[in-house]
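Before any comments, here is the structure.
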Amino acid sequence: MVSFSISQAIKSISNEKCSKCGSQAKGLIYQKQTVTYYCKKCLKKYTKQDEMPIKNGELATNS
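Quick note on this note's numbering: the sequence shown kicks off at 70 and runs consecutively.
This is the structure:
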């Protein structure tokens, strides 16, 4: 995780590694002026985690 402007983060994405698995970064998450780089696989996992439905204060399971 690094803290700098979003334009700098986008320009440097090709030189960065995924923060989870260490492979070549293909995307980034920019929150609270902090950049976290992810590969496609880890970015997909991250976004799916945010989209999980919540039911009665607990995560709903797909059964």
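Virtual Cβ for every residue (Gly too), placed ideally from N, Cα, C.
None of these values were measured; they are calculated from a predicted model.
| Query | Result |
| --- | --- |
| Where Ser132 sits in the DSSP three-state scheme | Because the pLDDT of Ser132 is 44, which lies under 50, any placement of that residue in the model is unreliable, and the question is left without a value. |
| Buried/exposed call for Thr103, threshold 16 Cβ in 10 Å | exposed |
| Beta carbon of Lys110 nearer than 9 Å to that of Ser92 | yes |
| Cβ neighbours of Cys90 in the same chain (closer than 7 Å, five flanking residues each side left out) | Cys108 and Cys111 |
| Beta-carbon separation (whole angstroms), Tyr99 vs Lys86, contact threshold 8 Å | Not confirmed; about 17 Å, so no contact. |
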